[in-house]
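Order-wise, the sequence lines are chains A and B. Heads up, the first sequence is in our numbering, so the first residue is 99 and it goes up one at a time. Heads up, the second sequence is in our numbering, so the first residue is 10 and it goes up one at a time. Note that beta-carbon positions come from the ideal geometry of N, C-alpha and C, so glycine has one too.
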Amino acid sequence: MAKRTAKKTIDVLWLNNDGGGYAEKIRVPDGTTVEQLRKKKLPENDSESCTIRVNRDIAAASQKLRAGDRISVTPKNVAGAR
Amino acid sequence: MASKINKRFMKVAKRLHTAFERRIVGAYKTIFDTFPDMSEAWLGLLREKTRVEAADIRPTQEGMREAQRLLRQLRGYVCAVKNNSGYLVQRIDNCSQELSGADTGDYSTVPSLTDCYDQIKALESEFGTCQLNTQLNTITTMSHDVQLGNITFGRYYIQIDLDKLEQNNHSFYRVTPVSEECPTVGESTHPHLMNGSLCEGEGASAIAKAYADGRLYDCCLLINSILQTYGRNPYVELDRFGHDDDYDYECETCGTGIYEDDRFCCFACDRTMCRGCVSHCGAVGNWVCEECLNNARDNDEPCVTSCHELGSHDCFVRENERCPECDDVHPDRELAKCEIMPTEAQLCIDCAKSLAEEQTPCDSCLMHGHMGCALIAFGYPVLNTRNHPACVTARGRQHMHHNLGWHHVGLFHPAQTEGDARADFQAYGQFLDARNRTDYTRRQREGLTMVNSQQLAALVGENS
């Protein structure tokens, strides 16, 4: 019988600056890209409405995440008021 | 920090890290802000206690009232101390809670020195600048260029006040334009900016969370996003920034630019207005704004306290009904006030005087001569059981008295005679006499009518 290998996962910090601005440590499969994570966490948002940074640097959609990465999402448009 | 350390960044990072550390302690120390109020309340209580102890209270009615008054005052001071104490306890509890939560959770509220360094470096990378001002104890960065619609505002300084950060003050930053050419309307250099204060709108909770977590970089990103967006409810509408005219004033109602010669001032509130936002009041001969007029209408009072023309022809607040005698509209100060029919059209003073002198009742009221009748103030006799004729002729018509007042004879049942009316009147008079036997007011009325009794007697004799 073939031995099953456990899928490797990594821990990253997900920080959503939209709305409440919560931060949470999440576990994702190793090799997950920025775009894959965005689609999973923000399925209703398109990539044009927010800026995703990894470790405070603007990241490419195809960039692979590494353990301990800090992924932050900041909306491009935030309406002020009076 | 594997790469080479930038000394300038490290200097800024150290200052920032110190500010975050002090913020934790700052929350602890601010509970002492309430102590001056507590001291004042306690000293007030002690002074009052001394006064109460020293008061010479006699066992008389007046003495007891004085004692009650002193106790009420003492109670007030005790309550002030109690309230301040309660507030201090609450502050201590909140502070304890903050301190116990400071080192829990996934993200510490005191970012490490390394994290501060990374944030400063990221700010420099993102916005091109991150400067420390040691004298002002501020860190300043800049937003990206802001263009809203076809109006270019340029970049804005985002100045973080580290002193306020240490106090955990939520107004910890100011936003000011970099360029002197930045479009401006009054004190506003951006639709969502007023005097350097940004209205965060939808970004408020995210900024607050980032601030609480010590994520200064994220705060600046969000501030930048707000500056880049024109929201629904701005301080100043965007299209007003597009005007190049150099106006002398701005209408305080609609914000229109005004030159000196086109400037109006509301006589009531003294605010500067454009011609479209004021109305000319003929009653006072001055300009009044819509807001002051609406307030006056809501409260039914003159829009200007010095005005005595409320209810006149020219009044914007309201126009009084016409005097039923002369058919003219008069301001409030020229009206005789009838308390019997206050909601009906009121006689003007001249007409009331005339009717009173002629001893003629006014058409609209059948209670003339009763207390509250407007004519009494001008000499019309106060009618009571002693001088009340059962029947009187007025304006060529005969009126008989019923217990509800005077009525034209035509309103009575054809079978009812003058004798019936007299009997009715006498019975009513006896009833009133019995009821008013100790009535001070009745004695007053009788005193008033003594002068008129001869005139009335003549009148009664004429009609009997």
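- Item | Proximity winner among B:176, B:309 and B:328, relative to residue 38 (chain B) (alpha-carbon distances) | Taking only the C-alpha atoms, the option nearest residue 38 (chain B) is B:176.
* When DSSP labels each residue in this structure, what does residue 259 (chain B) get in the three-state scheme? -> strand
Exercise for review: Please name the residue in B:330, B:335, B:166 and B:290 whose C-alpha comes closest to that of residue 313 (chain B).
Suggested key: B:290
Please work out which residues of its chain come closer than 8 Å, Cβ to Cβ, to residue 123 (chain A), disregarding the five sequence neighbours upstream and downstream, and give them in chain order. 109, 110, 111 and 112
- Item | For residue 154 (chain A) and residue 125 (chain B), the rounded distance between their alpha carbons | Those two C-alpha atoms are separated by around 12 Å.
Problem set entry | Below-8 Å beta-carbon distance, residue 474 (chain B) vs any chain A residue | The structure shown does not extend to residue 474 (chain B), since chain B spans only 10 to 473, so no value can be given for it.
| query | Given a threshold of 16 other Cβ atoms within 10 Å of its Cβ, counted over all protein chains shown, does residue 270 (chain B) qualify as buried or as exposed? | reply | It counts as exposed.
**Prompt:** Applying the criterion that 16 or more other CB atoms from any shown protein chain within 10 Å of the CB defines a buried residue, is residue 178 (chain A) buried or exposed?
**Reply:** It counts as buried.
For the alpha helix (DSSP H) that contains residue 151 (chain B), what are its first and last residues?
Note, residue 151 (chain B): premise wrong, no alpha helix (DSSP H); beta strand (DSSP E) at 147-151.
Margin query: Once DSSP output is grouped into helix, strand and coil, what is the label at residue 199 (chain B)?
Written below: strand
Note to self: Quick check: what's the CA-CA separation for residue 203 (chain B) versus residue 324 (chain B)?
What the structure shows: 38 Å
Looking only at its own chain, which residues have a Cβ that is under 7 Å from the Cβ of residue 46 (chain B), when we skip the five neighbours before and after it?
-> 93
Give the secondary structure of residue 193 (chain B) by DSSP, where H, G and I count as helix, E and B as strand, and everything else as coil.
coil
Closer than 8 Å, CB to CB, is residue 152 (chain A) near chain B or not?
no
Tell me which residues share the same chain as residue 299 (chain B) and place their Cβ nearer than 6 Å to its Cβ, disregarding the 5 neighbours each side in the sequence. For residue 299 (chain B), there are no CB contacts under 6 Å within the same chain when 5 residues up- and downstream are skipped.
Q | Proximal residues to residue 164 (chain B) (C-beta, below 8 Å), its chain only, five neighbours per side dropped | A | 151, 152, 153, 154, 155, 186, 187 and 188
Out of curiosity, what's the CA-to-CA distance linking residue 345 (chain B) and residue 297 (chain B)? 28 Å
| field | Rounded Cβ spacing between residue 250 (chain B) and residue 160 (chain B) (contact assumed at less than 8 Å) | value | 5 Å
On the premise that residue 227 (chain B) lies in contact with residue 219 (chain B), defined as a C-beta separation below 8 Å, what is that separation, rounded to the nearest angstrom? Contact holds; Cβ gap of about 4 Å.
| request: Consider the Cβ of residue 115 (chain A): report whether some Cβ of chain B lies at a distance smaller than 8 Å. | output: Judged by the 8 Å Cβ criterion, residue 115 (chain A) is in contact with chain B.
Inspect the beta-carbon positions of residue 171 (chain A) and residue 152 (chain A) and report whether they are closer than 8 Å.
-> no
- Check the Cβ of residue 131 (chain B) against every Cβ in chain A and list those closer than 9 Å, keeping chain order. 151, 153, 154 and 155
Please state whether DSSP places residue 166 (chain B) in a helix, a strand or coil. strand
Can you tell me the Cβ-Cβ gap for residue 360 (chain B) and residue 343 (chain B), rounded? I've got them flagged as a contact below 8 Å.
Taking the Cβ atoms as the reference, residue 360 (chain B) lies roughly 10 Å from residue 343 (chain B), outside the contact range of under 8 Å.
Q: Check whether the Cβ atoms of residue 147 (chain B) and residue 169 (chain B) sit closer than 8 Å, and answer yes or no.
A: yes
- Nearest to residue 96 (chain B) by CA position, among B:41, B:72 and B:141, is which residue? Among B:41, B:72 and B:141, the Cα nearest to that of residue 96 (chain B) belongs to B:41.
Option nearest residue 320 (chain B) by Cα separation, candidates B:331, B:303 and B:340: B:340
Note to self: Quick check on residue 212 (chain B) - is its C-beta less than 8 Å from some C-beta in chain A?
What the structure shows: With 8 Å as the cut-off, residue 212 (chain B) counts as an interface residue toward chain A.
Quiz prompt | Spatial distance of residue 317 (chain B) from residue 351 (chain B) (CA atoms) | solution = Distance between the alpha carbons of residue 317 (chain B) and residue 351 (chain B): 19 Å.
Length of the line joining the Cα atoms of residue 113 (chain B) and residue 123 (chain B): For residue 113 (chain B), the predicted structure reports a pLDDT of 47, less than 50, and the residue's modelled location is therefore unreliable. A value from the coordinates is still provided. Distance between the alpha carbons of residue 113 (chain B) and residue 123 (chain B): 19 Å.
Report task. Name the residue from B:308, B:233 and B:86 whose alpha carbon lies nearest to the alpha carbon of residue 60 (chain B). Result -> B:86
> At which residues does the alpha helix (DSSP H) containing residue 45 (chain B) begin and terminate?
Replying inline: Where residue 45 (chain B) is concerned, the enclosing alpha helix (DSSP H) stretches over 44-63.
When DSSP builds the beta bridges, which residues end up paired with residue 108 (chain A)? A:126.
Mind checking residue 98 (chain B): buried by the 16 CB within 10 Å criterion, or exposed?
Taking every protein chain shown into account, the CB of residue 98 (chain B) has fewer than 16 other CB atoms within 10 angstroms, so this residue is exposed.
*Does DSSP put residue 140 (chain B) in a helix, in a strand, or in coil?*
Here DSSP, grouped into helix, strand and coil, assigns residue 140 (chain B) to strand.
Return the chain-ordered list of same chain residues with a C-beta closer than 6 Å to the C-beta of residue 388 (chain B), the five sequence neighbours on each side being excluded. 365
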